[in-house]
Each structure stands twice: as C-alpha cells, then as structure tokens.
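Enquirer: Protein chains in written order, with this note's numbering: chain A, 865 to 1208; chain B, 865 to 1208; chain C, 865 to 1208.
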C-alpha cells in the first residue's frame, strides 16, 4: 500500500549524470535521465517499439536512445526519432513529473496532471550553507512502512545499535507522540546522562568535553508519504537542551527518504545534516561512514521481520506507546490512499 | 506430510550455547535457547511486539531478549519484561516441549500438552562410554521421506558411494524387510567377501587384516517419525558376523536423525557410533570426515530427485523388494498422521 | 509456445562423449547418451524406479545406468537390467528420436512416430570441406522468439554492437522481407561504405585492404522451428557484392540454432561458417572468441526485455518494417503449432 500522488526521492542529483538510471518506484518502472537543458526527466522504462528497458540505452542530445534498435525518446515520453522510420504515429510512454531540489531528484509516480510542486515538503537545512550534509543509499527487501516504524521508535537504538548511539537510558525514558499540521512527531528528551560513543565523538569534534553530562534529544517527524526527519543532539547538561547556545551543543538532523519500490521492498536514502564544523569534509565522510554502518545494522532486522510477518499473515502485533509514531504514520498513509483517485 | 506429535532432533546440545538458535521444524519457526537453569527451551521465533525473529536477539539471565526493542521472553513463551512497559497483558507465544538427551536437543513441534517424554526412542549406545560418536549436519532441499528411502535401501551404495562403502556384492545380495515392534527393519548379510575401502581402513584401525575375507552386515531400523539407525560392520569370515567376538569384527551404528523443515526440505543430522578404539579422537575425526564426504554424495542425488518428482507430479514410481523398507516407513508415517488431532 | 513436432539442436556432437547429458527441450527433460554402436540416443530424464534423473548416471556397454540404484536403461527407454531384479515388467520411459548430423545432435521432442528425418533442414556448408566452422553455446533466460526477433532484425547491431559489427549505415538502409519456400528472408545490402571493425579484421585476414570501400550484405533466413542462418560479408565496392569473385570478398554464414528450454528460456547454439582461410584454426578461434563476445552483448538486453514484457503483460508492441522478419517467423510458428496434434 502506497500513496501514489506524492513526491518521492528517486535518486541523488549527483547520481544522474550522462547515463540514464532505471528505478522502480511504487511498482512503476521508471527511466530517469537529463534532457537537453540538463533538467532531470522521468519516463516509463519501456520502449514502445519492442519493450526493451530504455534505461539500458544512452542519452544523446537530451533524448534517451533505446539501446536495442535506436528509437529516441524525448523527456516527455514522445518518440522523437528512429533511423529509417517515421515516428509521429508511434505510441508515447508515460511521463512522470520531476523536481530537482535539495540535492535530490523527486518523482511523482501518480497522475502527472495532479502533480503539485507546492506539495514538496521543505527541507531548508539541505539548502542552507550553515549546514553540511552526507548520506547514502540502501536497498531493503521489506515493506517501506517497517522502515517508518523503525525510525519513529528509537528505543530500538538500545538493542540494534548498542555500540554506537544506543544507551539504556533511551528505553527507560518515555516518549511523547503528537500530530502537528499533517505530520507525526515523536519526541524523547533525556536529561543528565553520559553521551554514547557516536555523540562523544561528535562532542570532541566540536570542542566539547565528551565526558561531560549531557541532555539528549530525539525528535522524529514523519511527513507523508514517507519522509522521516529526526532532530538529534546533545547539549551540556542544564544549558537548555536543543535550545542551548551553539557552543554548548552538537546538533544534527537525521534525514530519511523512504521510497517504496514494490509492496515488499524499498529504497532508503539516509543521511545526516549537521550545523557544526560544516566545512570539514573529512568529518562529513567519517560521520557518513559511521551512520552507514549503524543503519546497515537495521537492514537484517527489517528483512527478517518482513519474512516473519509474511509467514504469519493474519497475526496481530502490539501497538505500544513507543509504537505510536509508526501507528499514526500508517493511519495517515491509509487515509491518503483511500482518498486517491485509484481507490475510487 | 509430517508427524507433528513427535520428538525431532533440533540441534546438537553443543550447538546451543549463549546465543539463541532459529530453526524451522515441520513448518514451525522455532527459537531455541538456554534458560536460567541452563535447560534448553524452545518458543515461537516471533516477537509478539512487532514480529521480529526472536532468534536474532540475545539471552540475558535465562530470558530471550528481542534484538529489536528489547522485549524479554521467558522459556515458557511469556513476555517477562520490557523497559518502560507493563508486559502482563502482552500475548504469549507458543512454547515447544524440549528434551535434551543423547547429546541432542529434541523438540516436539505438535501440541505441547500431548508431548510424552516416554515417546523419545532409546539410543543407549549414545550414552554408553564403551562407544564413541562423531557426526555432522546437512541441510537438504528435498522431502525428508526421500532421505528415509535412501537410508532404508542401501543398494544405492554400489552406485552413489562406489569408491568408499559401495561394492557390487551389495545389490547382488537380497535384503529382507520386516516390521518389528513399531519399527521397520531392513537387513542384508553378505558372506565371504572382501571389505570395501571404508571398512578396510576400519579393520586396519582395529588391528585386523584388511585383506581378509569378511562377512558384512547392514541392518537398517526406521523408528517414527524419522530416525534411521543402521547397524553396520564386517567380521572375519565365518566367525559369526555381527555376533562374532569383539576382536574379530569392526562394528558401528550409522546414526541418522532426519528432521523435516518444510514439505520440501529437511535437516539431516548424521553420524557414526563405534565400539572400537573409542578413545581415539583422531580416528573419530577421520571417520566423521569420511562419512561427511560419503553422505554429501547423496545430497545432489536427493535434491535432483526432488526437482524431478516436482516436475512429474502424477507419476507412479516402482516399489521393489529393495524399496520395501522405505515403503513401510512411509505407510507408518501416513497412519500416524491420520491419527493426529490436526487430521480430525 | 513452441512447435513440438520438429528437430531441434540438443548439443554439439562433441559434447556427447562417455558421460550422459541432461537437457530440457520444449519443457521435456531429456537424457542424451551414446548407445553400444556410438549412436546418440535420447530418453526421458526420469528413472522409472524412483524418479532420479538418469543423466546423473553413467553409460556402460551402451546402456544408461541410473546413478542411484543401478537400473540400466536402453537407448529405446526400456529397462534392460537391474541387479537382483527382473525388469521385464518395469515401465518404459519415452524415447525421443535423434539424428546426428552437421556436427550437432538433433532431437525431436514431439511424437516419436511423427519424426521425419527428411524434415531436417539442409546446412550444406556445415559438411563442406571448403568451409570452416567455430561456435559456442549460451543459455538465455528469455522466450526463444525474442532471439529470433533479434536475429531477423540486424538494425540492433548499430546499438548493441557499436564497437564490432555495428555501423550507422545499417539502420539508414532499409531492409526487405519476403517469404521463400517455407522460410522467411530479411535482406539488407549497403553499398560503398567503410567496413566496421569485425569485417576490417576479416578483410585483413583474407588479404584485402581493410580501408577499401566495400559493399556489405546481411541476408537473414529463418527456418522453422527456430533456426536462423545469416549470410554476411563484404566485397570490394562495385565487384558484385555477395556474387563478387572469391578474392574480392569475405563471406561467412552466421549460424543460429535456437532451442526452447521452457516458455521463458532457451539454449542458443551460435557460430560462424566461413569460406576463406578454412585451414587456419587460430583464425577460427579468434572469430569464435570475437563472436562470443558480441553475442554475449545481446544476452543482457534479451533477458531484461523478457522481464519488462512479463511486467507489462497486456501491452502491444510495434511491428515496423525492420521487425517484419521476426513477425513473419512468429506467425509461421503459430500456424505450425495450431496444426500440431497436441493443439487438437
């Protein structure tokens, strides 16, 4: 079950150079490429001539040339040229609306006419030079909603990520969940603790004593269809937590763009934006590497959970207070899907 | 088709240490671990919180802690603790009765209330210090009954194991099959032959002349649901065969515990118990290594046979005199399955 | 969809030595071996005893001995011997008619009684000492008709094989398609061009100036059920093309035997027969190696096309003039299938 009438991250802007890129989003096979103006475009990954995947072809003069017999497709999905053929009566393929912003290429897998650029959520810290960003991509063989559950309930850090960001105080501290203007927010604040290894390193990198007592926060925000931004950080104890002065805290946003591929798999663009030592590329890389390792730990769990749920189809799960974020997010998705044209 | 109300080998006792072990038996996903007393226990491999496999977790103070969000399960399948939660109303998961004996952990995948410790077959030679044992484990993508057929008809040794235990005299000598107190026995005795390579080595190891004429025996015994014990050996010709004095024979029991995983795959614990040079660990290892190689030769055949049968679903097979052991075993299994509560 | 009442290449004659060979053709699992006279024979790959694949066995005295329990099958599919058994009432397995000719073993997967040796197409250049031949085998996970389409429309060379035999002039030159005595012929003649890399090397190997202007031809001939022979070559410009004197041209036949395995996979025996420097084994090997690399480029495209078509089942494709060869071949196949006994 996915919301089709929505913007999803298809790839990073950097991943789309000269070569086209094939990617399945919400069960739609899509070929992405750059047209003659350099703009990212997306069309069905199906050559109307003989059904070859267009993404195996190459881009020439802003058109996608099928790698089998050379039919050239425009960024609007219109056959534009083929040696020795008149292509004006050839059938078109679907075009998918695209926006390139925040360093990502966003695709709208639903009705093109319904695509609304204003529906793209705002991620100001991804455009702000006062922030640095690094991230990566995983393919996960699990329903994308299991990833949302995962990110909206960070008690799992204690167990899955015991050696980096997990600490017992997390699941000893209750979290609060609320709806806030079309988003779901789950928040946990932990006062007067020692920072776990990942944050100790961040404190050190930012000139703070890693052994100092800190206040820690985790504010997870789900925005439909499937983005989770998590405000995270630690501040010296008693200095105001997330509102502490810049020199008394380390603060970051965990960025999670979760793009359904099929009903049981998804693409997961993860990353971290931070507001300290933003010019330090080595630090960016080291955080990225550490985060990649930590997030990799979730993959096996999610893929095993997926198989376990498939083997136990009728079975009810528990929805505890810690699961409230994921549960609200799922209900929000269900409501949106029911309102879609395809549901009528 | 499997008997559910029965004891199956889940793993060796040695395989179950600090870490839990996930294993599917008769289509049931089971997590095995050791409780606070060190006793092996088995519960459903499904966390009642969010469906994660419990076997990915860890054991703490005799409880199985889910590796996702930390729900602790007791060996009875009862939620016992979770940070920040009251677990007394959490649903339980199934518990599977367990017996640890003969160096193996035995699980009863059927109704727990029906589990009868007295139904565990006796394997005295596995507890007797006058015998030594070595063995291993294979996963086989074939119906477990194909393995029973294989072991209850040793004429295949001539073809599959030509270079170790096979010899032409095997399939030239008729076998006899009989029912004996709820078991199926297939027996072959071959008089006045030369020993094949495996037994020549065993004779030499036991101080006998490997070139001497011998009498050879193979007595296969199937006990439901799916264990096959095979008395095997050679004695100097004319000294009484299996009843010859200890210094005139080499004698062993091939141990086969065949545990259905799904309808088309099984776990195969194989081994050999012997009553000569029992303190010689190097000999144990060398026999184990040789047996592992020999039994590995069966795997390809069984997996190919399985695929061939799946491609020819309606097809009748022959049941010859040499197949009588397997045929009786299958009928015995069918009768037991028909009598099970699940069949009613 | 395949024609069953027809001869298909099962393997090269060289591939069938002492060991049997298992191969699925038109969904029939077949075991091939050589009988006591050295003649290739083919029977069902299913032992009537316990269903083991006979092709895992060995050949002894012209009989196929099952590798599991030793049942010996004759080349007619009749049980001939089994130690300790009377086999005269054992069921037979199917026999498949076989012809060995042109360096290949041909099998008739349909009704044995309908097999007509005269229906084997003639390939005189494969028996003529004035020609040399080299080739190879690929397994392709795609409907065999996608391979026929591929070979009956060589405009794809421009795109798929740009660095070897492709050149822009191919798809700028129209092709002509005609029916000719139960075969489909697609022909393209290109006058006054430079030869592409593969043919430059062939010209050089044959003592011609590789920089000379040439006339190039491609004459693709489909013969049911699924063989495509392609006359290819270049001649010095204006010397008569394919009819030019031998010292003014390089000429070859691309040999394509396409054998359906299942509805979505096939075996592809490809090769090249040439009429120049036929004694030069190193040249044969170098052409074979180059052709293997070129044809390997088609495999990914065909397998991706197959998956794309499976994901878009109802979708219509275009049939352009360049596709006429493949379209005629498909219609010819459909007509033959409708006339088969199995269709009635």
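Just so you know, even glycine gets a beta-carbon here, dropped at the ideal spot from N, CA and C.
Beta-carbon within less than 6 Å of residue 890 of chain A's beta-carbon, same chain only, minus the 5 sequence neighbours each way: which residues are those?
Expert: Contacts found: 866, 868, 973, 1124.
Enquirer: The alpha helix (DSSP H) with residue 925 of chain C in it runs from where to where?
Expert: That residue, residue 925 of chain C, is in no alpha helix (DSSP H); it is neither H nor E in DSSP.
Enquirer: Check the Cβ of residue 1165 of chain A against every Cβ in chain B and list those closer than 9 Å, keeping chain order.
Expert: What residue 1165 of chain A touches in chain B: 916, 917, 920, 931, 932.
Enquirer: Taking C-beta pairs closer than 8 Å, name the residues in chain B that residue 949 of chain A reaches, listed in chain order.
Expert: None at all; the shortest Cβ gap to chain B is about 44 Å.
Enquirer: Just confirm the distance between the C-beta atoms of residue 998 of chain A and residue 1136 of chain A, as a whole number of angstroms; I'd bet it's less than 8 Å.
Expert: Indeed, because the Cβ distance is near 6 Å, the residues count as touching under 8 Å.
Enquirer: Whose C-alpha, out of C:1120, C:1076, C:1115, is nearest the C-alpha of residue 1138 of chain C?
Expert: Nearest option by C-alpha distance: C:1115.
Enquirer: Return the chain-ordered ranges of every alpha helix (DSSP H) run that is complete within the segment 997-1035 of chain A and spans a minimum of 4 residues.
Expert: Complete alpha helix (DSSP H) runs here, min 4: 1008-1016, 1020-1024.
Enquirer: Taking the runs of the beta strand (DSSP E) that are 3 residues or longer, which of them lie wholly in the segment 1064-1124 of chain B?
Expert: You should have 1077-1087, 1091-1100.
Enquirer: What residues from chain C crowd round residue 893 of chain A, counting only those whose CB sits closer than 8 Å?
Expert: 1172, 1175, listed in chain order.
Enquirer: Give the secondary structure of residue 951 of chain C by DSSP, where H, G and I count as helix, E and B as strand, and everything else as coil.
Expert: Residue 951 of chain C falls in the coil class under three-state DSSP.
Enquirer: Would you tell me roughly how many angstroms separate the C-alpha atoms of residue 1073 of chain C and residue 1056 of chain C, rounded to the nearest one?
Expert: C-alpha separation (whole angstroms): 14 Å.
Enquirer: Among residues of its own chain, excluding the 5 on either side of residue 1095 of chain B, which ones have a beta-carbon nearer than 7 Å to its beta-carbon?
Expert: Hits under 7 Å: 1081, 1083, 1106, 1117.
Enquirer: Quick check on residue 1160 of chain C: buried or exposed, where buried means 16 or more other Cβ atoms within 10 Å of its Cβ?
Expert: That one is exposed.
Enquirer: Thinking C-beta only, is residue 1104 of chain C closer than 8 Å to residue 1060 of chain C?
Expert: Contact: no.
Enquirer: Please state whether DSSP places residue 1056 of chain C in a helix, a strand or coil.
Expert: Note: residue 1056 of chain C maps to strand in three-state DSSP.
Enquirer: Give me the Cα-Cα distance between residue 895 of chain C and residue 907 of chain C, rounded to the nearest whole angstrom.
Expert: So the two alpha carbons sit approximately 5 Å from each other.
Enquirer: Starting from residue 1192 of chain A and walking both ways along the alpha helix (DSSP H), at which residues does that stretch end?
Expert: Element bounds for residue 1192 of chain A: 1188-1202.
Enquirer: Using a Cβ-Cβ distance under 8 Å, would residue 897 of chain B count as near chain A?
Expert: Residue 897 of chain B does not count as touching chain A.
Enquirer: Quick check on DSSP: helix, strand or coil for residue 935 of chain A?
Expert: Correct three-state label for residue 935 of chain A: coil.
Enquirer: From the beta carbon of residue 1186 of chain A, is the nearest beta carbon of chain D less than 8 Å away?
Expert: Included in the structure are the protein chains A, B and C, with no chain D among them.
Enquirer: So, helix, strand or coil for residue 943 of chain A, using DSSP?
Expert: Residue 943 of chain A: strand per DSSP, three-state reduction.
Enquirer: Rounded to a whole number of angstroms, what is the C-alpha to C-alpha distance between residue 1212 of chain B and residue 975 of chain B?
Expert: No answer is possible for residue 1212 of chain B: it lies beyond the span of chain B, which begins at 865 and ends at 1208.
Enquirer: Would you kindly work out how many angstroms separate the C-alpha atoms of residue 1058 of chain A and residue 1075 of chain A, rounded to a whole number?
Expert: Each residue's alpha carbon lies about 7 Å from the other.
Enquirer: Could you round the C-beta distance between residue 967 of chain A and residue 876 of chain A to whole angstroms and report it? I think they count as a contact, below 8 Å.
Expert: So it is a contact: roughly 6 Å between Cβ atoms.
Enquirer: Take the Cβ of residue 1143 of chain A as the centre, count every other Cβ of all protein chains shown within 10 Å, and call the residue buried at 16 or more, exposed below.
Expert: So residue 1143 of chain A ends up on the exposed side.
Enquirer: Taking just the CA atoms, how far does residue 927 of chain B sit from residue 887 of chain B?
Expert: Each residue's Cα considered, the two are about 18 Å apart.
Enquirer: List the DSSP bridge partners of residue 1129 of chain A.
Expert: In the DSSP output, where bridge partners are listed per residue, residue 1129 of chain A has A:1126.
Enquirer: By a C-beta neighbour count over all protein chains shown, 10 Å radius and 16 as the cutoff for buried, is residue 1178 of chain C buried or exposed?
Expert: The residue is exposed, with fewer than 16 neighbouring Cβ atoms inside 10 Å.
Enquirer: Considering only the beta carbon of each residue, do residue 1054 of chain B and residue 1034 of chain B sit closer than 8 Å?
Expert: In this structure, residue 1034 of chain B lies closer than 8 Å to residue 1054 of chain B by Cβ.
Enquirer: I want to verify the contact list: residues of chain B whose CB lies under 8 Å from the CB of residue 912 of chain C, in sequence order.
Expert: Result: 1181, 1182.
Enquirer: Using a beta-carbon distance cut-off of less than 9 Å, what residues from the segment 1001-1022 of chain C approach chain A?
Expert: Per Cβ criterion, the list reads 1010, 1013, 1014, 1017, 1019, 1020, 1022.
Enquirer: Does residue 1155 of chain B have its Cβ less than 8 Å from a Cβ in chain C?
Expert: No, no contact with chain C.
Enquirer: Helix or strand or just coil, what does DSSP make of residue 1212 of chain B?
Expert: In the structure as shown, chain B starts at 865 and stops at 1208, and residue 1212 of chain B therefore has no counterpart that could be examined.
Enquirer: Please report the straight-line C-alpha distance between residue 1079 of chain A and residue 1032 of chain A, rounded to a whole angstrom.
Expert: Spanning the two alpha carbons is a distance of roughly 14 Å.
Enquirer: Along chain C, in chain order, which residues have C-beta atoms closer than 8 Å to that of residue 1084 of chain B?
Expert: Simply none; closest approach about 15 Å.
Enquirer: Residue 1165 of chain B by DSSP, collapsed to three states: which one?
Expert: Of the three classes helix, strand and coil, the one that applies to residue 1165 of chain B here is helix, per DSSP.
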